[in-house]
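Residue numbers (the UniProt record's numbering): 1 to 544.
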């Protein structure tokens, strides 16, 4: 009975929230983009819209999302990366989404503090100013002082926000499934899967221990460029409360530095961003001015809730695509797509012509006028049009690059992001081709080959077991299973590993033939060793 009552209550809350969502879309006149057309909805939409200001639909859409709260604001930020789904004017408008709401009363916030710190928050904090210094839909930030005397910023999750997000995710999934079912041309985008991925992301963003870990991971990369990360007080941080050092300074949007100081900062931000993407594989995905604080001692980056992750293959891919774009090597871009498995069939000639027609005019402009973020967005847009399926993290990177490019231009209009980033990207690419890094790659090839062998033997074992089970059930299946076959299969696996590593060593010897050691100037030692190793392993493979 209790479960039934709970289900009825949950269903009632979902229905009430759905009604609120529909009415908001109607009030802002964007129901025709999302909801089915019925006479009743048309009448209600006309009545509600007559009271609303007449603005372009993309502005009304942004305002509707802001009114609906955190889940819809965050989902709008995801949509701002989807140039395949929405026109450019819409994605640019969605990048303006702001997450500012009135603060929750201190009494409710204090209850969370006491729940998270059972001994009482006053045992940890000497004082907390009850007036928040920042108020967003998921959390509020307060200024306080620990009993140790350290001044801290205390980020506290809003009461009841988990239930709100869960409810909104259920409604978004409902809408996504309706779209998937009834709008055939949108099925290829798999919007329900997009909502599912978004749900995973926003739940991670609400866990402040994950945000703290993100900050710690980015700290060494940023500090190489004199950009600081506030200290995390781990002993006082929970999933609902994040405690960091309080940074005294000005937000970048309020900073009135000299032209030279602003240009210097712009260069640091651009170089730090490329290092985050290519070196660390984790990047700050929301680099707008409010998340950068200028102090007397340096620059601080804050708010690490929204970050993107790139594995090694994707980092290499991003570096190559960037360099191929700068060099206008459109054939290489297509080949990279194929190697990454991002496209099955593509009209290469038309794709390259369209890419050339779009990118070349950008790259022929004066350097300070080139917007690398816009170029990336255009490449993504055209690529998707021709069937390229980018992973969500790459689309997030495109949005972040657009934000970073705009930020750099805002700080120093005369600067060329391309001029700063291109040599750095080339340096990173050439470093990856050094012998020591090629050896690391060979180790990875060996591990992959070993895994192939193990998978091959496992599949053979499973096939044999399945055949035996079928035979026991009375079906006549001839299975050759004896020690000779087992030994031959293992030999085949060993040959596979030895041959794969041999090929890898041979290729590495070719790539690094110019490498010499000081005491033997005329002898290319490393290539010779690699070549000898490849010959020995190949011989072993044939003897097995």
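Cβ coordinates follow ideal geometry from the N, Cα and C atoms, glycine included.
Residue from the options whose Cα sits closest to the Cα of residue i
| i | options | result |
| --- | --- | --- |
| residue 313 | 75, 340 and 300 | 340 |
| residue 195 | 214, 381 and 78 | 78 |
| residue 20 | 60, 67 and 140 | 67 |
| residue 100 | 25, 114, 120 and 69 | 69 |
| residue 26 | 14, 57 and 15 | 57 |
| residue 263 | 332, 416, 197 and 76 | 416 |
| residue 83 | 407, 413, 411 and 394 | 394 |
| residue 293 | 184, 307, 246 and 104 | 246 |
| residue 412 | 317, 102 and 258 | 258 |
| residue 138 | 179, 304, 173 and 71 | 71 |
| residue 244 | 75, 398 and 125 | 125 |
| residue 420 | 392, 295, 372 and 399 | 372 |
| residue 268 | 408, 132, 364 and 10 | 408 |
Assigned secondary structure, residue i (DSSP; H/G/I helix, E/B strand, else coil)
| i | result |
| --- | --- |
| residue 283 | strand |
| residue 28 | coil |
| residue 117 | coil |
| residue 309 | strand |
| residue 511 | The predicted position of residue 511 is uncertain, since its pLDDT is 46 and thus under 50; a value taken from the coordinates is nonetheless stated next. Helix, per DSSP. |
| residue 296 | coil |
| residue 142 | strand |
| residue 136 | coil |
| residue 242 | strand |
| residue 153 | strand |
| residue 352 | helix |
| residue 301 | strand |
| residue 112 | helix |
| residue 250 | strand |
| residue 317 | helix |
| residue 198 | helix |
| residue 288 | coil |
| residue 131 | coil |
Alpha carbon of residue i to alpha carbon of residue j, nearest angstrom
| i | j | result |
| --- | --- | --- |
| residue 347 | residue 261 | 48 Å |
| residue 193 | residue 122 | 44 Å |
| residue 254 | residue 291 | 12 Å |
| residue 205 | residue 349 | 42 Å |
| residue 127 | residue 81 | 41 Å |
| residue 140 | residue 221 | 28 Å |
| residue 280 | residue 390 | 20 Å |
| residue 285 | residue 224 | 19 Å |
| residue 361 | residue 85 | 25 Å |
| residue 219 | residue 353 | 42 Å |
| residue 217 | residue 232 | 12 Å |
| residue 98 | residue 320 | 34 Å |
| residue 333 | residue 388 | 11 Å |
| residue 274 | residue 30 | 38 Å |
| residue 207 | residue 304 | 11 Å |
| residue 270 | residue 134 | 27 Å |
| residue 24 | residue 64 | 6 Å |
| residue 315 | residue 278 | 5 Å |
| residue 215 | residue 405 | 22 Å |
| residue 227 | residue 318 | 23 Å |
| residue 401 | residue 120 | 44 Å |
| residue 148 | residue 154 | 15 Å |
| residue 343 | residue 392 | 15 Å |
| residue 172 | residue 251 | 34 Å |
| residue 180 | residue 197 | 16 Å |
| residue 306 | residue 331 | 34 Å |
| residue 351 | residue 338 | 14 Å |
| residue 410 | residue 289 | 10 Å |
| residue 287 | residue 308 | 12 Å |
| residue 168 | residue 142 | 27 Å |
Burial state of residue i (16 or more Cβ within 10 Å)
| i | result |
| --- | --- |
| residue 234 | exposed |
| residue 186 | exposed |
| residue 265 | buried |
| residue 177 | exposed |
| residue 12 | exposed |
| residue 276 | buried |
| residue 118 | exposed |
| residue 136 | buried |
| residue 93 | buried |
| residue 188 | exposed |
| residue 15 | exposed |
| residue 356 | exposed |
| residue 211 | buried |
| residue 549 | Here the chain covers residues 1 to 544 and nothing more, so residue 549 does not appear. |
| residue 229 | buried |
When the Cβ atoms of the stretch 235–244 are set against those of the stretch 320–333, are three or more pairs found closer than 8 Å? no
For the stretch 105–122 against the stretch 161–177, do three or more pairs of beta-carbon atoms, one drawn from each stretch, fall closer than 8 Å, so that the two count as touching? no
Does the stretch 298–309 come close enough to the stretch 366–383 to have 3 or more Cβ pairs within less than 8 Å? no
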